[in-house]
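Quick note: the sequence shown uses this note's numbering, first residue 577, plus one each step.
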Amino acid sequence: AGSTATYTDIATRIGMPSAVRAVANACGANTLAVAIPCHRVVRSDGSLSGYRWGVERKRKLLEIEAAEGAGLFSGL
């Protein structure tokens, strides 16, 4: 399980704090979801937004990762 970050967090981490929209666009265009887990990037208020494969899939991936982090799938 991974942790989430906001689009603002990512823009700041790359040294371009005003590039929030560019970060969101890059996440929305990401075709390498397995290698670059953009589903973990959320809005500043914690809500979910654009994901190449839909917000519901993004929500489900985060739920699965949260359950794994809680140890619900350990031993399977």
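Quick reminder that beta carbons are idealized off the backbone N, C-alpha and C, glycines included.
All values reported here derive from a predicted model rather than from experimental measurement.
* Asked: Beta-carbon separation of Thr582 and Arg619 under 8 angstroms?
  -> Mapped onto the sequence shown, residue 582 falls at position 6. Mapped onto the sequence shown, residue 619 falls at position 43. Yes; because the gap between Cβ atoms is below 8 angstroms, this pair is in contact.
* **Alpha-carbon spacing of Pro659 relative to Val610, whole angstroms** => The structure shown does not extend to residue 659, since the chain spans only 577 to 652, so no value can be given for it.
* To do: Taking Asn601 as the reference, give the member of Tyr627, Gly578 and Lys634 with the closest Cα.
  => Taking the sequence shown and counting its residues from 1, one reaches residue 601 at position 25. Closest option to Asn601, Cα to Cα, is Tyr627.
* So is Ile612 buried or exposed if we call it buried at 16+ other beta carbons inside 10 Å? -> Position 36 of the sequence shown holds residue 612. By the 10 Å Cβ count, Ile612 comes out exposed.
* Measure from the alpha carbon of Ile599 to the alpha carbon of each residue in Thr584, Leu608 and Thr607, then state which is nearest. => As a position in the sequence shown, residue 599 is number 23, starting the count at 1. The identity of residue 599 in the sequence shown is Val, whereas the question assumes Ile. For the residues Thr584, Leu608 and Thr607, the minimum Cα distance to Val599 belongs to Thr584.
* Glu639 to Glu632 span [Cα, whole Å] -> Position 63 of the sequence shown, counted from the first residue, corresponds to residue 639. Position 56 of the sequence shown, counted from the first residue, corresponds to residue 632. Cα-Cα distance, rounded: 10 angstroms.
* Asked: Can you tell me whether Ile590 is buried or exposed, with buried defined as 16 or more other CB within 10 angstroms of its CB?
  -> By 1-based counting over the sequence shown, the position of residue 590 is 14. Exposed is the call here.
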